[in-house]
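K.L.:
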Amino acid sequence: MKFDAIYYAGVWWLDTEQAAAMLRISPDSLRRNCTVSADLRTIDHACWHRAGLWRLDDVARVSQARMQAVTSLFEASKIAGDFAR
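Under the numbering used here, the first residue of the sequence shown is numbered 134, with each subsequent residue one higher.
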């Protein structure tokens, strides 16, 4: 995955499409749920020349946490499946 980050106000930012791709959700879902979802609320975002910008380190942290949660659920279901046999 290649991203074109923007350096603005001392930090790196992604536009809405790139942040949504990194989080594996649609850009519309990101826009709609940024104030509702517990983990998306922790992502700092700003509007710059009508473009939605999302702080890169926050997006990376939330993306990693979501992937770890999915991985642990997968491993737990695999272990449960092994015990059921």
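Each residue gets a CB set at the ideal place from its N, CA and C atoms; glycine is no exception.
Is residue 152 buried or exposed, if buried means 16 or more other CB atoms sit within 10 Å of its CB?
P.N.:
Its Cβ being crowded by 16 or more others within 10 Å, residue 152 is buried.
K.L.:
Around the Cβ of residue 195, are there at least 16 other Cβ atoms within 10 angstroms (buried) or fewer (exposed)?
P.N.:
So residue 195 counts as buried.
K.L.:
Who are the Cβ neighbours of residue 160 in its own chain at under 6 Å, not counting the five residues just before and after it?
P.N.:
Closer than 6 Å at the Cβ level, and outside the excluded window around residue 160, lie 149, 150, 153.
K.L.:
How long is the line joining the alpha carbons of residue 134 and residue 142, rounded to whole angstroms?
P.N.:
Those two C-alpha atoms are separated by around 25 Å.
K.L.:
For residue 184, name the three-state secondary structure that DSSP assigns.
P.N.:
DSSP places residue 184 in strand when its eight states are reduced to three.
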